[in-house]
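First up is the structure itself, then whatever we jot down about it.
4 protein chains.
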Amino acid sequence: MIIVMKTEATTDHVASIVDRVEAVGCKTHTIVGADRSVIGVVGDGRFIDMRQIGRMIGVEKVMPISKPYKGASREFKPEDTIINVGDVSIGGSNMVVMAGPCSVEGRTELLEIAHACKEAGAHILRGGAYKPRSSPYSFQGLGEEGLRYLAEAREATGMPIITEVMDPSLVPMVCEYADILQVGARNMQNYTLLNAIGKSGHPVMLKRSFSGTIEEWLMGAEYIISHGNNNVMLCERGIRANETETRNTFDVSAIPVIKHLSHLPIIADPSHAVGKWEYVGATSKAAVAAGADGVILEVHPKPDEAWSDGRQSLKPERFARLVRDMRAIAQAVGRDIEPNGVPVYTNGQVREKIIIEN
Amino acid sequence: MIIVMKTEATTDHVASIVDRVEAVGCKTHTIVGADRSVIGVVGDGRFIDMRQIGRMIGVEKVMPISKPYKGASREFKPEDTIINVGDVSIGGSNMVVMAGPCSVEGRTELLEIAHACKEAGAHILRGGAYKPRSSPYSFQGLGEEGLRYLAEAREATGMPIITEVMDPSLVPMVCEYADILQVGARNMQNYTLLNAIGKSGHPVMLKRSFSGTIEEWLMGAEYIISHGNNNVMLCERGIRANETETRNTFDVSAIPVIKHLSHLPIIADPSHAVGKWEYVGATSKAAVAAGADGVILEVHPKPDEAWSDGRQSLKPERFARLVRDMRAIAQAVGRDIEPNGVPVYTNGQVREKIIIEN
Amino acid sequence: MIIVMKTEATTDHVASIVDRVEAVGCKTHTIVGADRSVIGVVGDGRFIDMRQIGRMIGVEKVMPISKPYKGASREFKPEDTIINVGDVSIGGSNMVVMAGPCSVEGRTELLEIAHACKEAGAHILRGGAYKPRSSPYSFQGLGEEGLRYLAEAREATGMPIITEVMDPSLVPMVCEYADILQVGARNMQNYTLLNAIGKSGHPVMLKRSFSGTIEEWLMGAEYIISHGNNNVMLCERGIRANETETRNTFDVSAIPVIKHLSHLPIIADPSHAVGKWEYVGATSKAAVAAGADGVILEVHPKPDEAWSDGRQSLKPERFARLVRDMRAIAQAVGRDIEPNGVPVYTNGQVREKIIIEN
Amino acid sequence: MIIVMKTEATTDHVASIVDRVEAVGCKTHTIVGADRSVIGVVGDGRFIDMRQIGRMIGVEKVMPISKPYKGASREFKPEDTIINVGDVSIGGSNMVVMAGPCSVEGRTELLEIAHACKEAGAHILRGGAYKPRSSPYSFQGLGEEGLRYLAEAREATGMPIITEVMDPSLVPMVCEYADILQVGARNMQNYTLLNAIGKSGHPVMLKRSFSGTIEEWLMGAEYIISHGNNNVMLCERGIRANETETRNTFDVSAIPVIKHLSHLPIIADPSHAVGKWEYVGATSKAAVAAGADGVILEVHPKPDEAWSDGRQSLKPERFARLVRDMRAIAQAVGRDIEPNGVPVYTNGQVREKIIIEN
C-alpha cells in the first residue's frame, strides 16, 4: 500500500500516519520528495482500513499496489533518483562514463589506465579487486591490495571508483575504499549480500543476472532499498539467448522498460554484453540513444596482455573516439556528456528539485 | 572458394575462369563490383587445383572460405549492397523509414494511413495482405484484395510497398504487386519459399526467426542469393529470451554483427520486438545509433481498433515525432533521414560507385 | 464453442445441430467418439444462442472454450486418439518404435538398415528423402528417388514408412509413397504446408520448433485438424536453451503436458534432441517412463560414414539393446513394446472402442 | 595435470610426488580410490617436467587435462562417488528419495509430514529453514528455529535431513543441524558461499542455476572440491527456456551428461522444475529411467495451505504411489529403491570397493 501525502502536509502529519500504520505491525518506508512525501507500507496490510487512513489529515490518496517491488517502483516515487558520488551525479540530465580495466593488475598499470581514461573522457574509474571467476584456479583478484591501488588512482585523478564486492562480510571494508559497490550478475539474487549492502547505505550498482527478468532484477534492488538504502543504480550487461557471435545479448529495450517501471538510474555495460571490442562501440551508442544514464566500459592499453576479458577491452584512443560519438548522440536526445573527463555536475535546477532522503 | 579478379581483368578473363571451374561440376556466382569482379565457387571443389587457377590470367588471388555462407559474406563482397526500390535506395548513406498498418484492413483505412505515414516522414509503405496467424481461426488477411489496395496506395503516395508472402506458389503473383517481399520470422528456414523468392529475383526483406542465430539467418539469405538474387535485406525483429515485459528481446548488437559479417542492408523492426508502443521509440532510436539502414514501424490512427497488433502501433503524430528524433541521431552518427516522406536518393557518389549485377 | 451430444443422440440429431450452427455462418467440425459425438463450432459464435442450442434434442451440454486450440484439446475430445498406419496403431496401449537413417543414401544401404532395424525391434521405418539443410550447398536429399527406395523397403520388411515433406506442392506426391508425413521443426508454423497436409487427410507427425511453446505447437496441429484431418501425432525433438553439451534440450515434461492438454499421440525424438549417441539411450528411456507413445531414433550401421547427423546415430546392435531396455520400462509403467519388430496391434478392446472419423 | 599412480604404489610414493610438485608452487589434491590413487595438480604447471614426473616410482601415467574442472571430472576419478549420510548411501546401486515440505512451517506440521514421508518411502527429509524469496517482504523461513524442528524430526524418524544455507557466515551453524547442506539455484556461482562450504567438508547438494550450463555447474562443484570437500552431489532442478506451461524446463539429458563427465551423484528435483503437481510424477519417473541417483520431492498434506510452493507439492498418498512407480522403473534399469522408508544400504560389494578419502 502506498500513501501519497498532500503537498502541504507537514512532517507531523507524516509521523502520525506512520504511527498508525506501524501500530498494526506494518513497517513503513517514507520518501521525502521535492513536492510531497510518500509513505510505502510493507507487511500484512489486512488490518489497515484504507478508507480511514484516506480521511486522515495531510493524506491525498491511498493506493494499493500490485507490483511486488515498492521502493523501486516509479508509482511509489515518480521523480528520477539521482545519486551523487563525489562531484558526479548519476541519473541527472548528464550521462556518466565509467571506464577502466576489468581487473586491477598492479599499481603502475592502474594509474596509467586511470589517467588515460580520464583524459579520454571518463568520470568514474572501474576496476575489479575481487573477481568472480568461474574457475577456482583462475586469478581471483588482488583483494584489498587492489582496493588500495584504486583509492590511490582516485587521489591522482579525482575520479570516484566503483568495484565489485562478493562477500557479505567484506562489505564494510570495501565501503571504506569504494565510492560505489558493484554487485555482479551471479549475485543478483544473493540476498545475504544484498541485505549487507542495504544496511551499509552505500551507493551500489546492481547488475542484471544472466537470465534474470526485469521484475526479478527490480526485486533484487528492493532487497537493498528495503533497508533504507535508496542509492541503487541498475546495470544491464546482457542476457543469455541463443546467439553465439556475441557473448550475451544486450537487452537495449530494458532501458526504456526500467525508465517506465522504476525511478532508479540505469547504466549500460556493453563490454560484457557483447564480449568483443568490435561490437562495443555500436552497442554503447545504442544504449545512449535508448536513454541510459551512463555506460561502463572496459579500457586497457594492451588488451592482448590483460589478465581477464582482454577480448572485449577498448584501447584508450578508441575509447576517446567513442566518448565523442556518444556525446553527439546524447545531445541529439536532449542530454549531454561532460567532456574532458571532469566531474559531471548536473544542472542546478534538477539538483535543487530532487531531495533523496537517506 | 572465392576467386578475386584483378581490377584490370576483362569479362573474357572472368568467363574463362568460370568455364574452367564449371567444367569440373561446380557452379559459379559472379559479382561485378565497382573495382573488380569476384567469383564465388559453389559445390565440391576437390577437383579444382587452386594454385593452377591462381596462375590464370586476370586472377589476383584464390581464397578458401570457411564461413558456411558465401554470397552473403563481406569477405566475398566487401562493399555494402544497396538495393534500389523505386526512387528509394536501401543500404546507402541515408536511412529509410518503412511504416504502415500491421494488416491491410480496407481500402479507405489504408489510404488514410498511407498518407499519414508519408506526411510523417515514411519512405516505404508496409501492410500485410497475407497474415501468418498462430490460430487457423484468426483473420488471415485480405489476400489479393489487400495487395490491390496496397498498389493503389503506392499510386496515391509514391511510396514503394513491402508485404509478406508465405506461400511459394503465390510468389509470382505477389511480385506483381509488391516492390519488396517480406519473409516472416516463422519462415526464415522455409527453404521452399526461399528458393521460390531466390528464383524471382525480387527484392526481399528476410526476418530473423524467434530463436535463429545470426549464422542461420545469413544461411537463409544464402538460399535466396544462391539463385542469383542479391536483393536481400535482413530484418532484426527481436528474439526469444526470458524477459516477459517486452514481447521479444531486440538484439541491437545484431546490427553491428551483420555489418561486420555481411554486406547486406539491415533493417530494425522495433514494433514486433517490444510489442508495446511505449518502448518502440527508445528501441528505434537505439537501432539508428547502432547503424541500422532502416526501421520498419507499425502505425495506426486508432490502435485500439486495429485488427491485429494494435498494442504496438504508434499513432501518426507520435510516429512523426519519432522520425524527427531518429533523424537527429542519424545525423549524429554521420548519416541522414530524408525528411518530409519524399523518396530517399542516396548521394550520387555512392550510387555511382556500387554496381550490383542482377 | 463445443456442443457435447448425449450418448443416445442419432446422426440426425447431430445433423440438425450442424445445420442450425452453420446457418449463422459458423463452420462445424464433428468428432464421432465411441460413446458420443462432439461438435466443435469454429467462427464468430456471437449469433448463436447457447441456451437455445442447449435445449435442442440430443444435446447434453454446450461449453464455451477458452483454449485457442479446439480440435487438438482434450476438453474437446477426452479419449486418446489412436492413429492406425498399416498394421501399426499409434497412441494405443503399446508403444511404437520408429527407426532408420537420417537421410536415404541409396537403395542397397536403405534396405540393409531397414532389415537391421526391423530385426532389432522397430515397427516403422524413418528416412529423409527431402532434407531441410541450413546450407543451400549441402546434400538436399535424393527426392522422389529416395521415396521409391523407402516404398521398396516397406515392401521388403512390412514396416510402414515416415518421411519429411517441406514443399506444399509436393504433398500429394509424397502421400503416394509415405504412410506418415513428417513436418520438421523449421516448418511448425509454415501454415501453407500445414494447410496442404490438413487437406490431404494423411497421417502426419508434427515436430515442435526450436523455440516453440507447447501452445504454439498445438496451434500448428490445429491448422491441420481444422481441415478435418485428425491423424496428427506430435513429436518432441528438443528445444533451444543455454546448454551446449547437448545439441538441444529435450523437454521431457512436454510429454505429460501434452497428455494433459491434448488427446493426440506424442512421440519422442531423442536423437535430434541430444545430438550425441552417448546420451540417446538414457533420454529414450526417460521418454518411455514419462509416457511417450513412441520414439523415433536414428540408426546407421556406419555412423562415421553417414551423409548427415552420423554423430547421433546408433549402431543396430546398440539400438536392439535399447529397444529391450525401453520394453522393460514400458512394462514397468503398464504399457508394452511389441518385440521382434512385428507390427504393433493394440489390444482388441481399445481398437473396438475408439472410432476415429476421417 | 593429473598424475595416475600404479595400483601397487604406496602412500610414500604418493607423498614424494606431492612434495616434488608442491616444491614448484602448485597445490595438489589426492584422491585415494579403491584400486589406485590419483593426484590432481592445481596451479601453474609450467615448471613441472611431465616426463620427469612420469619416470618417478609408482607413477603409471601423467595426463594434461583440458576440462576446466578437475576434481569433479570422471577423467580424474573414474569410479562413482558414493556419499554416506547416516545410514543412507547416495550414488550407489540404490536410489534415494528425499521428501518433505518446501519450508518448515512449524514443529507439529513438520513432524506430521516427516512421518508421512517416511511411511510413504522417503529416506531423507527435506525442509527449508532459510528461504531465498524473490521478495524481501515474503516469509523468509523460521531460521534456526526451523533447524531445531528438523533435527527433532530426524530424531523421531531416523531420516537424515537436508536444508538450504545461503549465508556463508551461517555455514558452521547450519552444519551442526543438517546432514546435507543445499545450495540453491540462485547461489550456484556464489563463490563466497561455495568456499565456506568447501572448507566445512560437509556433504552438500549443489543445484544448477536457472541458466547455468553443465560446465558452469561442474565449476561450481569444483569450487567446493578444491578445498578438499568431495562430498558433493548435483541437483538438476530445471532451466529456463521458452516454455510457460511448466515453471522451468527439466533437462533430463543432463543426467546422462553428468554421469559421463563426472563421478558425482546426480539428484533430480522435478517439483521445482515443472511447478505443477500434475507433471511431477511423469518427470520423476523419467529421471529414474535416465539414471538419476535420487529424487527430491515436495510433499505436503494440505498443499493449498502451504506457505510456499503449494502448487507443486504432492499429497502423501500420491507421493507413496509415485515411490512405488519409481521403484518399478528403478528395477527395470537394474537399480532399486529400498522400500518402506528404511535407510538405504548400498549392497556390500560396491561399498567395499569404493573408498572415498575425506
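Residue numbers (the numbering used here), protein chains in the order written: chain A, 1 to 358; chain B, 1001 to 1358; chain C, 2001 to 2358; chain D, 3001 to 3358. All C-beta atoms in this analysis are idealised placements derived from N, C-alpha and C, irrespective of residue type, glycine included.
Considering only 20(A), 136(A) and 36(A), the residue with the shortest C-alpha distance to residue 3027(D) is 136(A). Here the stretch 1254-1263 of chain B does not lie against the stretch 252-264 of chain A, with fewer than 3 beta-carbon pairs under 8 Å apart.
Not one beta carbon of chain D lies nearer than 9 Å to the beta carbon of residue 251(A).
The Cβ of residue 240(A) sits closer than 9 Å to at least one Cβ of chain C.
Listed along chain C are 2253, 2256 and 2257, each with a C-beta nearer than 9 Å to that of residue 3274(D). When the alpha-carbon of residue 111(A) is set against those of 84(A), 83(A) and 155(A), the nearest one is in 155(A).
Residue 2235(C) carries a strand assignment under DSSP once its states are collapsed to helix, strand and coil.
Close to residue 211(A), with beta-carbon spacing below 7 Å, are these residues of chain B in chain order: 1242. Around the beta carbon of residue 52(A), fewer than 16 other beta carbons sit within 10 angstroms, so the residue counts as exposed. Taking a cut-off of 8 Å on C-beta distances, the stretch 2325-2335 of chain C does not touch the stretch 2298-2313 of chain C, as fewer than three cross pairs fall below it.
In the three-state reduction of the DSSP assignment, residue 1138(B) falls in the coil class.
Between the stretch 329-340 of chain A and the stretch 1019-1026 of chain B, the count of Cβ pairs shorter than 8 Å is below three; the stretches do not touch. The residue among 41(A), 40(A), 56(A) and 8(A) with its C-alpha nearest the C-alpha of residue 16(A) is 56(A). Counting only Cβ-Cβ distances below 8 Å, residue 2283(C) has contacts in chain D at 3252, 3253, 3256 and 3290, in chain order. The Cβ neighbour count for residue 2118(C), taken over all protein chains shown within 10 Å, is at least 16; the residue is labelled buried. When the Cα atoms are used, residue 2007(C) and residue 3272(D) turn out to be separated by approximately 42 Å.
Taking a Cβ-Cβ cut-off of 9 Å, the neighbours of residue 68(A) in chain D comprise 3134, 3135, 3137 and 3138, given in sequence order. The DSSP-derived three-state label of residue 119(A) is helix. For residue 320(A), the enclosing alpha helix (DSSP H) starts and ends at 316-332. Secondary structure at residue 3298(D): strand, using DSSP grouped into helix, strand and coil.
Any Cβ of chain A closer than 9 Å to the Cβ of residue 3193(D) would place that residue at the interface, and such an atom is present. Counting only residues of its own chain and dropping the five nearest sequence neighbours on each side, residue 2139(C) has a CB closer than 8 Å to the CB of 2103, 2131, 2133, 2307 and 2308. Under the Cβ distance rule, residue 215(A) counts among the residues neighbouring chain B, one pair being separated by less than 9 Å. In the DSSP assignment, residue 1206(B) falls within the beta strand (DSSP E) that extends over 1204-1207. In the structure shown, residue 2030(C) adopts extended strand secondary structure according to DSSP, grouped into three states.
A Cβ-Cβ contact shorter than 9 Å links residue 185(A) with residue 212(A).
The stretch 2058-2078 of chain C and the stretch 2217-2231 of chain C touch, with no fewer than 3 CB-CB distances between them shorter than 8 Å.
Within a 10 Å sphere around the beta-carbon of residue 3012(D) sit fewer than 16 other beta-carbons, which makes this residue exposed. Residue environment: residue 2058(C) is assigned as buried (16 or more neighbouring CB atoms within 10 Å of its CB, all protein chains considered).
In terms of beta-carbon proximity, residue 2263(C) stays away from the interface with chain D, with every pair separated by 9 Å or more. Annotated as proximal: residue 293(A) and residue 91(A), with beta-carbon spacing under 9 Å. Under the Cβ criterion (8 Å, minimum of three pairs), the stretch 272-284 of chain A counts as touching the stretch 237-250 of chain A.
From the listed residues 1067(B), 1079(B), 1050(B) and 1019(B), the smallest Cα separation to residue 1036(B) is found for 1079(B).
Within the same chain, Cβ atoms closer than 6 Å to the Cβ of residue 3281(D) are found at 3322, the five residues on either side in sequence being excluded. Shown here for residue 2198(C): same chain residues with a beta carbon closer than 8 Å to its own, the five before and five after excluded, namely 2223, 2224, 2225, 2226, 2227, 2228 and 2229 in chain order.
Taking CB atoms only, residue 2166(C) has a neighbour in chain B less than 9 Å away.
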